[in-house]
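Peer 1:
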Amino acid sequence: MDIVRKERAEHSIAAGNGGYAQLAADVLAHAKQCGATEADIVVADGETFSVQVRVGAVDRLTKAREKRLGLRVFVGKRSATTSTSDFSKASLDRLVSETCTLAKAVVEDPVSGLPEAAQLGGDRPDLDLYDETVLGTETQIDWAKRGESAAFSADSRITNSEGAEFDSSSGRVVLANSHGFVGSYQSSSFSLSVSPIATETGTGAMQRDAWYEVQHKFARLASAESIGQEAARRAVRRLGARRVATKRVPVVFDQETAGSLLANLCSAVSGYGLYKRASFLLDQLGQTVASDRITVYDDGRMVGGLGSRPFDGEGLATRKNTIVERGVLTSYLLDTYSGKKLGLPSTGNASRSVGESPSVGPTNFYLVPGVKTPAEIIGSVKEGLYLTEVIGFGINMVTGDYSRGACGFWIENGELASPVEEITIAGNLKQMLKDIELVGNDLVFRGRIASPTLKISEMMVAGN
Amino acid sequence: MPDHVQLATFGITELEAQHALDRLNVRDVEYADLYFESRVSESVSMEEGLVKRAAKSISQGVGVRATAGEKTGFAYSDELTKKDLEIAADTARYIAHSPKGDRAVPVPAQRRPTRDLYPIERAKADVATPERVALLNEIDAEARRYDPRIKNVMASFNTEYKVVAVATSDGILVGDVQPLSRLQITCIAEENGNRQVGSFGGGGRVGFEFYRDQNRHLDYAREAAREAILNLSAVDAPAGAMPVVLAGGWPGILLHEAIGHGLEADFNRKKTSAFSSLIGKRVASDVCTIVDDGTLPFRRGSLNMDDEGTPTGRTTLIEKGILRGYITDKLNARLMGIALTGNGRRESYQSVVLPRMTNTFMLAGESDPHDIIRSVKKGLYAVSFGGGQVDITNGKFVFSASEAYLIEDGKVTKPVKGATLIGNGPEILTKVSMVGHDLKLDNGIGTCGKDGQSVPVGVGLPTIKIDEITVGGTQG
Chain A
15 MDIVRKERAE HSIAAGNGGY AQLAADVLAH AKQCGATEAD IVVADGETFS
65 VQVRVGAVDR LTKAREKRLG LRVFVGKRSA TTSTSDFSKA SLDRLVSETC
115 TLAKAVVEDP VSGLPEAAQL GGDRPDLDLY DETVLGTETQ IDWAKRGESA
165 AFSADSRITN SEGAEFDSSS GRVVLANSHG FVGSYQSSSF SLSVSPIATE
215 TGTGAMQRDA WYEVQHKFAR LASAESIGQE AARRAVRRLG ARRVATKRVP
265 VVFDQETAGS LLANLCSAVS GYGLYKRASF LLDQLGQTVA SDRITVYDDG
315 RMVGGLGSRP FDGEGLATRK NTIVERGVLT SYLLDTYSGK KLGLPSTGNA
365 SRSVGESPSV GPTNFYLVPG VKTPAEIIGS VKEGLYLTEV IGFGINMVTG
415 DYSRGACGFW IENGELASPV EEITIAGNLK QMLKDIELVG NDLVFRGRIA
465 SPTLKISEMM VAGN
Chain B
166 MPDHVQLATF GITELEAQHA LDRLNVRDVE YADLYFESRV SESVSMEEGL
216 VKRAAKSISQ GVGVRATAGE KTGFAYSDEL TKKDLEIAAD TARYIAHSPK
266 GDRAVPVPAQ RRPTRDLYPI ERAKADVATP ERVALLNEID AEARRYDPRI
316 KNVMASFNTE YKVVAVATSD GILVGDVQPL SRLQITCIAE ENGNRQVGSF
366 GGGGRVGFEF YRDQNRHLDY AREAAREAIL NLSAVDAPAG AMPVVLAGGW
416 PGILLHEAIG HGLEADFNRK KTSAFSSLIG KRVASDVCTI VDDGTLPFRR
466 GSLNMDDEGT PTGRTTLIEK GILRGYITDK LNARLMGIAL TGNGRRESYQ
516 SVVLPRMTNT FMLAGESDPH DIIRSVKKGL YAVSFGGGQV DITNGKFVFS
566 ASEAYLIEDG KVTKPVKGAT LIGNGPEILT KVSMVGHDLK LDNGIGTCGK
616 DGQSVPVGVG LPTIKIDEIT VGGTQG
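Protein chains in written order, with the working numbering: chain A, 15 to 478; chain B, 166 to 641.
(1) Select from A/Asp-297, A/Leu-381, A/Ala-255, A/Met-220 the residue whose C-alpha is nearest the C-alpha of A/Leu-8.
(2) Can you give the Cα-Cα distance for A/Glu-451 and A/Val-283, rounded to whole angstroms?
(3) For A/Leu-83, tell me which candidate among A/Ser-360, A/Glu-214, A/Arg-68, A/Asp-54 has the shortest Cα-Cα distance.
(4) Using three-state DSSP, classify A/Leu-296 as helix, strand or coil.
(5) With 8 angstroms set as the bound, which would you pick, yes or no: does the beta-carbon of B/Gly-445 sit closer than that to a beta-carbon of chain A?
(6) Under 8 angstroms, Cβ to Cβ, is there at least one residue of chain B near A/Glu-61?
(7) Between A/Ala-78 and A/Gly-185, what straight-line distance do the alpha-carbon atoms span, to the nearest angstrom?
(8) Just curious, the beta strand (DSSP E) that B/Leu-411 is in, first and last residue?
(9) In chain order, what residues of the same chain have a beta carbon less than 7 angstroms from the beta carbon of A/Leu-106, not counting five sequence neighbours either side?
(10) Using CA atoms only, rank isn't needed, just tell me which of A/Glu-152, A/Val-120, A/Ile-155 is closest to B/Thr-157.
(11) Report back the beta-carbon spacing between A/Tyr-416 and A/Met-446 to the nearest angstrom; my notes put them in contact at under 8 angstroms.
(12) Candidates B/Pro-344, B/Leu-586, B/Gly-363, B/Val-292: which alpha carbon is nearest A/Thr-413's?
(13) Mind checking which residues open and close the alpha helix (DSSP H) that includes A/Leu-37?
(14) Check whether the Cβ atoms of B/Thr-437 and A/Asn-174 sit closer than 8 angstroms, and answer yes or no.
(15) What's the C-alpha gap between B/Ala-676 and A/Gly-90?
(16) Extract the residue ranges of the beta strand (DSSP E) inside the region 367-420 of chain A, only unbroken runs of 3 or more that lie entirely within it.
(17) Against B/Met-319, what residues of chain A qualify as contacts under a CB-to-CB distance less than 9 angstroms, listed in chain order?
(18) Apart from the five residues just before and just after B/Asp-249, which ones in its own chain have a Cβ nearer than 7 angstroms to its Cβ?
(19) Would you call the region 535-555 of chain B in contact with the region 564-579 of chain B, where contact means no fewer than 3 C-beta pairs closer than 8 angstroms?
(20) Give the interface partners of B/Leu-215 over in chain A, defined as CB-CB distance under 9 angstroms, in chain order.
(21) What does B/Cys-352 pair with, by DSSP beta-bridge criteria?
(22) Would you be able to state if there are at least three C-beta pairs under 8 angstroms between the region 266-281 of chain A and the region 457-470 of chain A?
(23) For the structure I just gave you, are there three or more beta carbon pairs, one from the region 507-526 of chain B and one from the region 375-393 of chain B, closer than 8 angstroms?
(24) Classify B/Glu-531 as helix, strand or coil using the three-state DSSP reduction.
(25) Could you name the residues of the same chain whose beta carbon sits closer than 6 angstroms to that of B/Gly-641, not counting the 5 residues immediately before and after it, in chain order?
(26) Less than 8 angstroms between the CB atoms is what I'm expecting for B/Tyr-200 and B/Gly-228, so what's the real figure, rounded?
(27) Check each candidate in A/Cys-48, A/Asn-455, A/Asp-223 and name the one with the smallest Cα separation from A/Thr-402.
(28) Within the chosen definition, does the region 232-243 of chain A reach the region 271-285 of chain A through at least 3 CB pairs nearer than 8 angstroms?
(29) At least one CB of chain A closer than 8 angstroms to the CB of B/Ala-288: is that the case?
(30) State the DSSP-derived secondary structure class of A/Cys-280, mapped to helix, strand or coil.
(31) Of all the residues that make up the region 385-416 of chain A, which are near chain B by a beta-carbon distance shorter than 7 angstroms?
(32) In whole angstroms, what is the alpha-carbon distance linking A/Ala-259 and A/Val-434?
(33) Is the CB of A/Leu-358 under 8 angstroms away from at least one CB in chain B?
(34) Opposite B/Cys-613 in the DSSP bridges: which residues?
(35) My output table needs one value for B/Asn-380: the three-state DSSP class, helix, strand or coil.
(36) Give me, in chain order, the residues of the same chain whose beta-carbon lies closer than 8 angstroms to that of A/Val-317; leave out the 5 immediate sequence neighbours on both sides.
Following this line, the structure appears as structure tokens:
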């Protein structure tokens with residue numbers, strides 16, 4: 015199945031650090047005694063409650079509390095990372111000494127280390143990531159039921175369902191290091207997804223689609239009914255899909271698929287792929303890498319943004335970076351380590367999952383909208399593909415070669431003529447970015463990466 | 166089988182487990198279980214010729230579940246106190262809307278799995294970090310020695326040591342120790358500004374000695390380097406529908422995506438699979454027989470028992486082209502009134518059980534692999550793949566070649582760039598016209614994702630010929 019899960023608001027984070035600041039200080043002090051020259055620690059805890067309903071009845075309730083602690087130590091220029099869910103003193107003592115032993119077993123890495131003390135800190139605005147609303151079980155069940163029911167009511171061809179799911183979660187993250195940095199933030203997430211199945215009269219062929227929304231604040235969530243109706247519309251419109259003949263045509267990427275294309279760009283500008291020489295955008299800083307209609311920002315400080323956070327995974331203040339300006343690559347996404355490897359400062363994009371050393375990740379990574387409506391963009395195509403879903407992993411980040419399973423609609427004379435499936439689209443990302451002819455006006459943030467509708471002048475579509 | 170796999174590992178007594186099950190086992194609840202898990206994961210990784218990173222992660226917890234009809238109540242906790250167990254049990258049984266404790270459960274009898282498919286002594290699994298570092302250093306040297314155009318080698322060695330205990334309301338109390346390891350290598354080759362990538366890896370429920378045995382780690386290194394160098398000369402892949410020959414082994418990912426997921430019982434109970442109601446019908450040509458087998462020793466997808474304590478088995482999915490059966494967990498087997506196959510799996514104590522594949526492969530046929538290639542006038546020969554994906558409901562699946570060649574007039578000619586293949590699950594195997602006698606299982610690198618849960622799996626395939634499938638290249 016391998017269906018990539020919908021993006022969720024970053025789970026964790028928090029004002030009021032629940033005593034974890036003291037715990038962190040104790041662990042850091044112990045690490046120093048064990049020979050660590052530098053160290054940092056991240057503690058995350060949270061609660062989640064998830065309700066799934068299917069065909070009108072509750073299918074599954076899931077409730078959990080979790081906590082986890084991650085420790086990174088440096089012994090000179092050697093480092094190791096560990097994590098545990100056991101916060102007892104005996105367990106943490108053992109973890110600290112094991113981490114130091116592990117660090118001593120690897121080789122020296124001249125560029126390793128924490129950020130400079132002077133780089134840490136900065137302002138930490140309230141980015142409106144936390145909502146203390148606690149929803150009762152019945153409320154969540156009701157939301158999920160209303161979402162699914164709206165999908166069933168929207169069209170008689172909705173005959174079955176993979177269900178509807180309402181999730182709520184909240185948590186906090188505390189980050190501290192041996193330079194004296196201590197930061198914490200809280201965040202919450204509320205989401206509804208609805209996955210109806212439509213059946214074609216006559217053939218009995220089925221199509222599934224889904225719609226969802228995620229917000230930090232419960233009050234900002236769209237109505238359950240609107241989410242269910244959109245899910246139904248998307249499933250029903252796929253009925254009767256067919257293959258098309260193999261040919262080269264313009265391809266219009268809808269918001270969702272354009273977002274996946276932007277995610278590919280995001281990976282290509284990530285510092286780790288670049289210093290390993292594993293990105294197709296190697297050595298392109300300052301060069302034209304995309305059409306001059308393309309400007310891309312990564313903004314860690316958007317209020318309420320699903321990728322927003324006051325500081326990054328190493329404690330550096332987040333900011334707004336211009337990644338591509340009118341087609342020219344102006345910045346990579348970097349943390350301290352990958353930045354040093356490339357001779358550049360961090361861009362505040364360290365991403366830290368508890369058990370791992372930092373890597374690079376986007377905050378709110380988006381393509382600046384243009385002026386055309388999606389209808390105008392589709393209208394500009396005589397014959398081509400309106401792409402609504404891509405599947406599979408056919409992307410080579412080293413070369414940019416791109417070949418993916420696709421479905422959507424065939425465009426004839428500027429109109430969506432019929433649904434298509436079991437086809438592929440292929441090209442090379444280097445060329446595709448330059449071939450973006452039109453940019454839509456329909457930017458909507460549904461996750462950390464967002465793009466308006468895009469039109470690529472030509473790609474190979476393979477079918478029968 | 167080691168003796169320490171039972172509840173005592175988790176500091177829980179049988180009586181406490183029994184009490185938690187009693188709490189769960191109320192009116193309307195048909196089944197309940199407790200899943201205790203402790204996992205130690207370790208990794209070392211290398212790039213730029215330096216083993217720079219080492220990591221270790223420890224997790225422990227319990228998942229508590231009660232099912233009533235189609236409903237599941239589930240809770241988990243990373244604390245293993247009696248009180249936490251009770252809180253989790255009360256959350257899980259909320260699903261049944263019942264007052265607590267009005268029915269007795271059978272007292273589970275402690276037992277062990279009756280076999281041991283992956284006997285590894287703890288000492289062997291727990292090899293010292295410097296030995297792992299040395300292994301990676303040798304890999305780096307070997308890959309660079311293979312060809313000076315290899316400019317970077319990234320390698321990682323990961324191990325996992327998992328101890329589980331399952332206590333169920335149907336009277337099972339059983340434990341297992343499940344080791345798992347994997348060595349993965351990626352090489353970057355560079356020549357005149359042309360950069361290409363090649364990957365190879367392997368592993369299983371094996372100890373560290375497996376990788377040094379016959380210098381397996383160096384074979385892996387040369388394979389990754391070979392693929393990267395080969396891709397330096399790859400031409401654009403063709404586009405359109407054409408005959409495709411799949412090599413044996415890992416290309417069995419075709420089976421996993423095209424039919425395996427579609428035969429998981431949950432989708433069929435809900436009638437959301439393209440295979441719903443096709444039991445007994447022809448879904449493949451008569452040269453195709455496909456099984457899911459969790460009992461192969463040391464394999465990545467193998468288990469002594471599934472995560473509900475059911476012994477794993479060998480399930481025939483397709484017999485000579487006819488769809489025979491689904492793979493099940495307890496919930497779906499009960500609701501559908503079909504047999505338990507030992508395929509109830511979960512990523513961790515934090516996840517619910519779902520029916521999942523173990524090792525899925527096609528049995529060997531009678532054709533000579535050379536004859537299969539000779540039978541193709543113009544087509545593609547695909548040897549290695551990256552990932553795949555399927556839409557269960559409409560049956561459309563993809564998988565992406567990372568090493569492939571053109572077949573011209575019955576001969577394998579130029580290497581081509583990676584391309585995605587797309588087809589329709591219930592249809593594609595009816596187009597398999599030849600099956601080789603050379604069944605191969607993959608090297609132990611597969612991880613399957615479903616509902617956000619990852620579990621290790623295996624696949625296997627003999628050389629086969631698909632008369633027509635759409636190839637997503639760029640050359641029309």
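Cβ atoms here follow ideal geometry from the backbone N, Cα and C, with glycine treated the same way.
Peer 2: Once the coordinates are examined:
(1) Residue 8 of chain A lies beyond the residue range present for chain A, which begins at 15 and ends at 478; the question has no answer from this structure.
(2) So the two alpha carbons sit approximately 22 angstroms from each other.
(3) Sorting A/Ser-360, A/Glu-214, A/Arg-68, A/Asp-54 by C-alpha distance to the C-alpha of A/Leu-83 places A/Asp-54 at the top.
(4) coil
(5) no
(6) no
(7) 12 angstroms
(8) 404-411
(9) Val-41
(10) Since the first residue shown for chain B is 166 and the last is 641, residue 157 of chain B is missing from the structure and cannot be characterised.
(11) 7 angstroms
(12) Ranking B/Pro-344, B/Leu-586, B/Gly-363, B/Val-292 by CA distance to the CA of A/Thr-413 puts B/Gly-363 first.
(13) 34-47
(14) With contacts defined by Cβ atoms closer than 8 angstroms, B/Thr-437 and A/Asn-174 form a contacting pair.
(15) Since the first and last residues shown for chain B are 166 and 641, residue 676 of chain B lies out of range.
(16) 379-381, 397-405
(17) Lys-290, Ala-292
(18) Ser-242
(19) Note that the region 535-555 of chain B touches the region 564-579 of chain B; at least 3 beta-carbon pairs, one per stretch, sit closer than 8 angstroms.
(20) Val-120, Val-121, Glu-122, Asp-123
(21) B/Val-318, B/Gly-363
(22) Put simply, the region 457-470 of chain A touches the region 266-281 of chain A. At least three CB pairs are less than 8 angstroms apart.
(23) no
(24) coil
(25) Contacts found: Ala-404.
(26) 4 angstroms
(27) A/Asp-223
(28) no
(29) Per-residue confidence for B/Ala-288 stands at a pLDDT of 47, beneath the threshold of 50, marking its modelled position as unreliable; the derived number appears in the next sentence. False, the Cβ-Cβ gap to chain A never drops below 8 angstroms.
(30) The answer is helix: DSSP assigns A/Cys-280 an H, G or I state.
(31) Going along the region 385-416 of chain A in chain order, one finds Ile-405, Gly-406, Phe-407, Gly-408, Asn-410, Val-412, Thr-413, Asp-415 with a Cβ nearer than 7 angstroms to chain B.
(32) 11 angstroms
(33) no
(34) B/Val-620
(35) helix
(36) These residues qualify, in order along the chain: Leu-141, Asp-142.
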